[in-house]
Amino acid sequence: MLVLRGYSRLAGIALLSLGVFVILAPFLWVALQSFKYEIQILQGSWNFEPTMFNYVDVLYSRRSDFLSNIWNSLIVAGVSTLCVLVVGTLAAYSLSRLAWSGWIRNLFLGWTLIFNMIPPLTLVGPWYLIFRQIGMFETLGSLILTHITLHLPMTVWMMMAYFKELPKEIEEAAMVDGCRRIDAFWRISLPLVTPGLIAAGVLAFVFSWNEFSVALNLTGRDTATVPVAIARFAQQYEVQYGQMAAASILSTIPALLLMFFGQRFVVQGLTMGAVK
């Protein structure tokens with residue numbers, strides 16, 4: 091283990107402190123603006139009395155739909171994450187355990203990898219036309235389907251890494267004792283990859299919660315999600331900086347809570363397979 095001493099230790103602490111500051115400074119600046127009145131934000135005043143006006147206006151104003159936007163985001167992120175975990179886990183288990191032909195497995199994995207590299211904005215046009223034709227435009231269902239499509243490849247790859255780390259002998263021993271394949275998966279393999287499920291679920295939920303470009307084009311006023319609602323505080327002739335800052339801070343709370351409780355599993359999931 092490398093131990094830094096003297097000036098090297100001080101330099102390391104300074105670099106880490108600088109990195110933390112660079113990461114946290116924008117968030118702290120937005121949080122500070124959320125407690126100011128509009129005129130104080132425009133003046134750039136540092137001497138001000140904190141106010142909760144922006145938060146009250148965002149949550150309870152008659153002209154604001156932010157509470158319903160939060161509900162829309164929770165529905166879309168929750169349902170899409172659940173579907174992604176179910177389908178992605180079954181697909182990953184199938185590819186890592188069942189006797190697929192090599193070219194079929196490679197074709198599927200290659201397709202998921204290539205699809206994950208495609209910018210979501212390039213798919214908005216086809217999705218827009220399809221959902222208008224089938225009557226699902228400006229519905230939460232259309233957004234759920236698109237988010238499942240976007241986040242499924244990541245889940246498949248993450249869960250495959252976890253299943254490959256599990257010795258096959260555990261399941262084989264269970265099947266020798268009379269356990270069926272599905273029972274071995276449900277009672278043995280699935281509990282052992284619970285950290286992977288948590289990591290994939292946290293990432294899928296956060297990505298879905300923060301997704302903007304697809305939601306902007308496929309939702310209406312009643313079905314808008316939180317990122318779209320925040321963007322609408324910037325109007326043609328006016329930018330409501332205080333309300334936008336307050337809404338931004340409120341929108342980070344679910345993601346921060348998930349990452350706080352699941353960060354250990356997320357780090358483990360992202361580094362799975364890197365070190366044996």
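Quick note, the sequence shown lines up with residues 91 to 366 if you use our numbering. Glycine included, C-beta positions come from ideal geometry on N, C-alpha and C.
For residue i, which residues from the same chain have a beta carbon less than 8 angstroms from its beta carbon, with the 5 sequence-adjacent residues on both sides left out?
i      : result
LEU203 : PRO243, TRP247
LEU367 : Limits of the chain in this structure are 91 at one end and 366 at the other, which puts residue 367 out of reach.
To which residues of the same chain is residue i closer than 6 angstroms at the C-beta, ignoring the five residues directly before and after it?
i      : result
ALA264 : ALA274, ILE278
PHE253 : ALA182, TYR183, SER186
SER412 : In the structure as shown, the chain begins at 91 and stops at 366. Residue 412 is therefore absent and cannot be evaluated.
TYR331 : ILE131
SER154 : VAL148
SER163 : TRP299, THR315, VAL316
Let me confirm a value: residue i is counted as buried when at least 16 other C-beta atoms fall within 10 Å, else exposed. Which label applies?
i      : result
LYS366 : Below a pLDDT of 50, predicted positions are generally treated as unreliable, and LYS366, at 41, falls in that range; no measurement from the model is reported.
VAL112 : exposed
PHE117 : exposed
ASN144 : buried
LEU180 : exposed
What residue from the options has the CA that sits closest to residue i's CA?
i      : options                        : result
ALA121 : PRO344, TRP201, PRO140         : PRO140
SER135 : MET142, GLN123, PHE143         : GLN123
GLY126 : GLN333, PHE198, ARG354, SER341 : Here the sequence assigns Lys to residue 126, which means Gly is not the residue at that position. Of the listed residues, the one whose Cα sits closest to LYS126 is GLN333.
VAL177 : VAL296, MET249, ILE260, ARG271 : MET249
ALA336 : ASN137, PHE351, GLU128, TYR218 : GLU128
Do you know offhand how far residue i's Cα is from residue j's?
i      : j      : result
LEU348 : ALA321 : 23 angstroms
ILE165 : LEU230 : 8 angstroms
MET207 : GLU301 : 16 angstroms
VAL110 : ARG99  : 17 angstroms
GLU255 : GLY310 : 44 angstroms
GLY168 : ILE160 : 12 angstroms
ARG271 : ARG195 : 20 angstroms
TYR150 : SER158 : 11 angstroms
GLY200 : LEU108 : 39 angstroms
Suppose the cutoff is 7 angstroms on Cβ atoms and the five residues either side in sequence are ignored; what does the same chain contact list for residue i look like?
i      : result
VAL214 : SER303, VAL304, ASN307
GLU261 : ALA274, ILE278, SER279
Every unbroken alpha helix (DSSP H) inside the region 160–220 [4 residues or more]: 192–207
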